[in-house]
Each structure stands twice: as structure tokens, then as C-alpha cells.
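Below is one structure, written out as C-alpha cells; comments come after it.
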Amino acid sequence: MYEGAVQDLIDELGRLPGVGPKSAQRIAFHLLAADAADVRRLADALTEVKLRVRFCEVCGNVAEGERCRICLDPRRSAAVICVVEEPKDVVAIERTREFRGKYHVLGGAINPMDNVGPDDLRIRELLTRLADGEVQEVILATDPNVEGEATATYLTRMLSPMGLRVTRLASGLPVGGDLEYADEVTLGRAFEGRRVVSG
Ligand SMILES: [Zn+2]
Numbered sequence: 129m130y131e132g133a134v135q136d137l138i139d140e141l142g143r144l145p146g147v148g149p150k151s152a153q154r155i156a157f158h159l160l161a162a163d164a165a166d167v168r169r170l171a172d173a174l175t176e177v178k179l180r181v182r183f184c185e186v187c188g189n190v191a192e193g194e195r196c197r198i199c200l201d202p203r204r205s206a207a208v209i210c211v212v213e214e215p216k217d218v219v220a221i222e223r224t225r226e227f228r229g230k231y232h233v234l235g236g237a238i239n240p241m242d243n244v245g246p247d248d249l250r251i252r253e254l255l256t257r258l259a260d261g262e263v264q265e266v267i268l269a270t271d272p273n274v275e276g277e278a279t280a281t282y283l284t285r286m287l288s289p290m291g292l293r294v295t296r297l298a299s300g301l302p303v304g305g306d307l308e309y310a311d312e313v314t315l316g317r318a319f320e321g322r323r324v325v326s327g
């Protein structure tokens with residue numbers, strides 16, 4: 129235990145995902161030793177991101193206005209929606225340059241162990257988007273792990289009666305992993321080789 133401000137910083141850092149107590153301590157002491165200007169830039173970035181960035185009212189991706197850059201882009205097809213778990217998955221798929229449709233970010237995956245059920249995800253918002261009949265294909269690009277598969281299975285069941293084409297990314301992605309860890313070529317291939325699961 130350290131005194132006051134140092135311990136406060138270690139405690140706050142330790143709450144971040146993937147940062148254990150040892151890492152929190154290491155980052156805290158790194159910041160203590162760093163230039164004041166560098167630390168100020170980090171502090172500003174943290175403040176700014178909370179002030180300026182929110183979630184797109186349509187797709188749930190990060191946005192600097194009410195809608196994200198992709199939803200606002202008229203060159204993107206509204207006929208295909210790619211469903212992902214998190215905004216970072218949008219970034220991973222955009223890097224492949226294989227996809228020219230729009231996205232829907234669920235905000236996670238079904239995970240009974242963590243008490244995350246379908247109602248905790250942006251599934252109702254997805255169904256609303258599909259109601260007008262403009263969308264012809266929904267690509268399920270949830271992570272290739274147990275939670276991602278459970279979510280894809282659930283969505284397939286929900287979407288089947290709607291008469292649209294539902295596809296799932298091809299296997300070949302590292303199983304048990306996270307979409308974002310797949311390299312661009314593998315992810316691009318998984319897109320091209322996506323299989324129809326309904327419709
Ligand atoms: Zn959007």
C-alpha cells in the first residue's frame with residue numbers, strides 16, 4: 129500500500145480490463161517518472177474521449193455525433209449488416225477492406241457465467257433495424273469462442289422467421305479467440321467464405 133494519490137492511481141488503473149495489481153503498480157510508477165507534458169496528454173485524452181465520444185444511435189459503434197462515420201457514409205450498402213460484439217471488432221473488419229455494408233454492435237455476447245443474457249445486448253435494436261425490409265443479409269461475426277457461438281445460434285433462431293439471408297463467418301479463425309486477434313488476411317477469407325445458416 130502506498131500513500132494517498134499514488135494508491136488512488138494504482139486502484140483506478142487496477143480496475144481496467146486486463147490490468148492486474150502488478151501492472152497497475154508498474155504503470156503508476158511509469159507515470160510518476162514521466163514528463164508532466166506526457167501525463168497531461170494522457171489525462172486530456174481520457175477527458176476528451178468521455179466528453180466527445182458516445183455510441184451511435186443506430187449501430188452502437190463509437191461515434192463523435194449521434195451517428196457514426198459508417199452509418200453516415202452514403203457509399204456503404206444498407207442491404208448488408210454485419211453483427212459484431214464490440215466496436216473494436218468493427219475496426220478489425222474495416223482493416224480487411226472486404227466489407228462495404230453496415231454494422232450492428234451488440235455490446236457483448238451471451239454469457240450465462242457473467243449473467244449476460246440476450247436482453248443485455250442490443251438485439252432489440254437490431255430487430256428494429258431489420259423491420260423495414262431493406263436489409264437482405266445479416267452476417268454474424270461474433271467471436272469464434274463459446275459465448276460468440278451461443279450468441280450467433282441465438283440470433284440465427286431469432287432471424288430465421290424474417291426471411292432474410294443469415295450468414296456466419298467461415299471457420300479458419302483462431303478458435304477460442306477474439307475476432308480482433310485474427311490477421312487481416314484470415315479475417316478477409318472468413319468473410320469471403322461465410323456460410324449461409326438461414327434463408
Ligand atoms: Zn453507426
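The sequence shown begins at 129 in the working numbering and counts up one residue at a time.
Beta carbons: idealized from backbone N, C-alpha and C, even for Gly.
All values reported here derive from a predicted model rather than from experimental measurement.
Reference residue i; option with closest CA among the options
i	options	result
GLN264	GLY148, ARG154, LEU287	LEU287
ILE267	CYS187, LEU137, ALA280, ALA237	ALA280
ARG293	LEU159, ARG285, SER326	SER326
MET241	VAL147, ALA278, THR224, ARG257	ALA278
CYS187	LEU170, GLY132, LEU315, GLU214	GLU214
ALA123	GLY148, ALA298, GLY261, GLU226	In the structure as shown, the chain begins at 129 and stops at 327. Residue 123 is therefore absent and cannot be evaluated.
PRO289	MET129, LEU258, LEU249, ALA310	LEU258
TYR309	LEU297, PRO272, ALA298	PRO272
Short Cβ contact (8 Å threshold) for residue i with residue j
i	j	result
ILE209	GLY229	yes
ILE155	LEU174	no
PHE183	VAL177	no
GLU312	THR256	no
GLU320	GLU226	yes
Neighbourhood of residue i by C-beta, 8 Å cutoff - its chain only, sequence neighbours within 5 removed
i	result
VAL212	VAL218, ILE221, TYR231, HIS232, VAL233, LEU234, ALA269, THR270, LEU307
LEU170	LEU159
ARG180	GLU192
Chain-order list of residues whose beta-carbon lies under 6 Å from that of residue i (same chain, five-residue window excluded)
i	result
LEU137	ALA156
LEU254	HIS232
LEU315	THR224
THR101	No statement about residue 101 is possible, as the shown extent of the chain runs from 129 to 327 and does not include it.
LEU200	none
ASN243	none
GLU147	Contrary to the premise, residue 147 reads as Val rather than Glu in this sequence. Cβ neighbours of VAL147 beyond the five flanking positions: LEU141.
Residue i: CB within 7 Å of a non-hydrogen atom of ligand 1
i	result
ASN189	yes
CYS196	yes
CYS184	yes
CYS199	yes
Residues near residue i in its chain [Cβ-Cβ closer than 7 Å; skip 5 each side]
i	result
GLU185	GLU194, ARG195
GLU275	ALA237, ILE238, ASN239
TYR282	ILE238, PRO246
GLN153	ILE138
ALA161	none
SER151	none
VAL167	LEU159
Cβ distance (whole Å) where residue i is taken to contact residue j below 8 Å
i	j	result
THR295	ARG323	6 Å
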